[in-house]
Amino acid sequence: MPILEWNRSLETGIELIDNQHQELFRRIDRLELAMYNGRAVTELRNLLEYLESYIIEHFHDEEELMLRINYPGYAAHVKEHNDFRNKINSLLAECKGKGIDSYLAIDVDKQMRKWLEHHIMKTDMAIVPFINK
Numbered sequence: 109m110p111i112l113e114w115n116r117s118l119e120t121g122i123e124l125i126d127n128q129h130q131e132l133f134r135r136i137d138r139l140e141l142a143m144y145n146g147r148a149v150t151e152l153r154n155l156l157e158y159l160e161s162y163i164i165e166h167f168h169d170e171e172e173l174m175l176r177i178n179y180p181g182y183a184a185h186v187k188e189h190n191d192f193r194n195k196i197n198s199l200l201a202e203c204k205g206k207g208i209d210s211y212l213a214i215d216v217d218k219q220m221r222k223w224l225e226h227h228i229m230k231t232d233m234a235i236v237p238f239i240n241k
């Protein structure tokens, strides 16, 4: 049973964005399951590699969408993207410098949950009424 459950209430109505969000949920769920099974280091490496491309592609897609619909919260939304990008880059640098351990896996898990709970479930959902105009 997944630790993080995707449900229809999280859908934006944009298939590309929804698919990207669902994949992120799956990846974080895999990390959490791996933490319980003693495989956190391997799964964290996989997640961080995925996040490197995710933050480039997904943020670009979302930002392009917001510009296309003339979303009034664009600047604040992009700031959140940039803040998260900086966090991920910092974690990647830490991994390369110190290596990956279970403490880092716990930290990444907390950061990702925070991101899901705030950004995807709140900030991204604020775009939905503007998409449907």
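Each residue of the sequence shown is one higher than the one before, counting from 109 in the working numbering. C-beta: ideal position from N, C-alpha, C; glycine also.
Item, Value
"Continuous alpha helix (DSSP H) assignments of at least 4 residues falling wholly in the stretch 183 to 227", "210 to 223"
"Range covered by the alpha helix (DSSP H) that runs through Y162", "A148 to R176"
"Buried/exposed call for M220, threshold 16 Cβ in 10 Å", "buried"
"Whole-angstrom distance between M233 and I122, CA atom to CA atom", "11 Å"
"Nearest-angstrom Cα separation, counted from F238 out to F167", "18 Å"
"Distance, Q128 Cα to N190 Cα", "18 Å"
"Cut-off 6 Å between Cβ atoms - residues of its own chain near V149, not counting five sequence neighbours on either side", "I208"
"Same chain, Cβ closer than 8 Å to K195, neighbours up to 5 away in sequence not counted", "Q219"
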